[in-house]
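A.B. asks:
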Ligand code: CTP
Ligand code: CA
C-alpha cells in the first residue's frame with residue numbers, strides 16, 4: 172500500500188459510517204435508485220478501522236466484495252431503514268459520516284402487485300413521490316448527537332457551481348464537515364479518482380483533496396481526528 176500505515180489517532184473512538192445508495196420500492200420487483208457504489212464509505216470504514224476506531228458500517232445495496240473486514244455491518248437498503256439504523260446508534264457514536272446517497276423522494280405508495288401495462292392503451296402511469304426525512308440534518312440537530320457529524324454532497328455542474336452549492340448546503344445541514352464532490356460526466360461514481368472540497372459548518376473551505384477514494388478517506392479522517400482532539404473527552 173503506497174499510502175503506508177495511518178496514525179492510530181482514533182483508538183477507542185466509535186465511528187458510524189453509511190455507504191451505498193438507497194433503493195425505494197415502487198412494487199415488489201422495482202425501485203427508484205441511484206448510482207452510488209458505496210466505495211467511498213467502505214474506504215472510510217477501512218481507514219477508520221486502521222486508525223483504531225470501532226466502526227459500524229450501515230450499508231444500502233453495496234456489493235459484498237467492497238465491504239472491509241473488521242467492521243460491524245448493518246444492512247439498511249431504504250432511506251427509512253437507514254434513518255432507523257442511524258438514529259438507533261447515534262448516542263453511542265463519536266463520529267457520524269453520511270457517505271451514503273440517500274433518496275430525497277420515494278414513491279408515495281408501494282404497489283402490492285407488480286405494476287402492469289394496460290393492454291388497451293398507451294397510457295403511462297404518473298408516479299407520485301413523497302419526501303424522505305433528512306438523516307444527516309436530523310442527526311446534527313439531535314440532543315445525543317455524535318461530536319463530529321460529516322456529510323458528503325455530490326453536485327453536478329462546473330467547479331465554481333459545485334463549491335457554491337456545497338457551501339450553501341454546509342450552512343443548511345448543521346454538519347461539522349461537508350465533503351463536496353463533483354459528479355456527472357464520468358466523475359465521482361465507481362473506482363475513479365475524485366476531488367473533494369472540504370467545507371466546515373459555516374461553509375468555509377478548509378481543504379481541497381484529490382486522489383483515490385482511499386486517499387480522500389485518509390485526508391478526511393485526518394481532519395476528523397484533529398477535530399475530535401480539540402474537543403473535550
Ligand atoms: N442526506 C441524508 N438524508 C437524506 C438526503 C441526504 O442524510 N434524505 C445526506 C447525505 O447522506 C449526504 C448529505 O445529506 O451526506 C448531502 O446529500 P445531498 O444529496 O448532497 O444533499 P441534499 O440536502 O439532499 O440536497 P439536494 O437537493 O442537492 O440533493
Ligand atoms: Ca439529495
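Residue numbers (full-length UniProt numbering): 172 to 404.
Note that the Cβ used here is the ideal one computed from N, Cα and C, for glycine as well.
Hey, residue 272 and residue 325 are a contact pair by Cβ (cut 8 angstroms); roughly how many whole angstroms apart?
C.D. replies: Going by Cβ atoms, the distance from residue 272 to residue 325 rounds to 7 angstroms, so yes, they are a contact pair.
A.B. asks: Could you check what DSSP says for residue 286 in three-state terms: helix, strand or coil?
C.D. replies: Three-state result, residue 286: coil.
A.B. asks: Restricting to Cα atoms, I'd like to know which of 178, 265, 236 is closest to residue 223.
C.D. replies: Selected option, being the one with the closest Cα: 178.
A.B. asks: Measuring only from the beta carbon, is residue 317 closer than 7 angstroms to any heavy atom that is part of ligand 1?
C.D. replies: It does not: the Cβ of residue 317 is nowhere closer than 7 angstroms to a heavy atom of ligand 1.
A.B. asks: Please report how far the alpha carbon of residue 218 lies from the alpha carbon of residue 392, in whole angstroms.
C.D. replies: If I take the Cα positions, the gap works out to 8 angstroms.
A.B. asks: Can you have a look at residue 384 and say buried or exposed, based on whether 16 or more other CB atoms are within 10 angstroms of its CB?
C.D. replies: The residue is buried, with at least 16 neighbouring Cβ atoms inside 10 Å.
A.B. asks: Tell me whether the beta-carbon of residue 321 lies closer than 8 angstroms to the beta-carbon of residue 380.
C.D. replies: Taking 8 angstroms as the Cβ cut-off, residue 321 and residue 380 do not qualify as a contacting pair.
A.B. asks: So, is residue 300 buried or exposed, given that buried needs 16 or more other C-beta atoms within 10 angstroms?
C.D. replies: Under this definition residue 300 is an exposed residue.
A.B. asks: Quick one: is the Cβ of residue 340 within less than 7 angstroms of any heavy atom of ligand 1?
C.D. replies: Yes; taking the cut-off as 7 angstroms, the Cβ of residue 340 has a heavy atom of ligand 1 nearer than that.
A.B. asks: I'd like to know whether the C-beta atoms of residue 260 and residue 181 end up nearer to each other than 8 angstroms.
C.D. replies: No, they are not a contact pair.
A.B. asks: If you count every other CB in all the chains shown that lies within 10 Å of the CB of residue 286, and 16 or more means buried, which is it?
C.D. replies: It counts as exposed.
A.B. asks: What does a CB cutoff of less than 8 angstroms around residue 396 pick up in its chain, not counting 5 residues either side in sequence?
C.D. replies: Counting only Cβ-Cβ distances below 8 angstroms, and skipping sequence neighbours, we find 178, 180, 181, 222.
A.B. asks: Taking buried to mean at least 16 other C-beta atoms within 10 Å of its own C-beta, is residue 363 buried or exposed?
C.D. replies: Looking at its Cβ environment, which holds fewer than 16 other Cβ atoms inside 10 Å, residue 363 is exposed.
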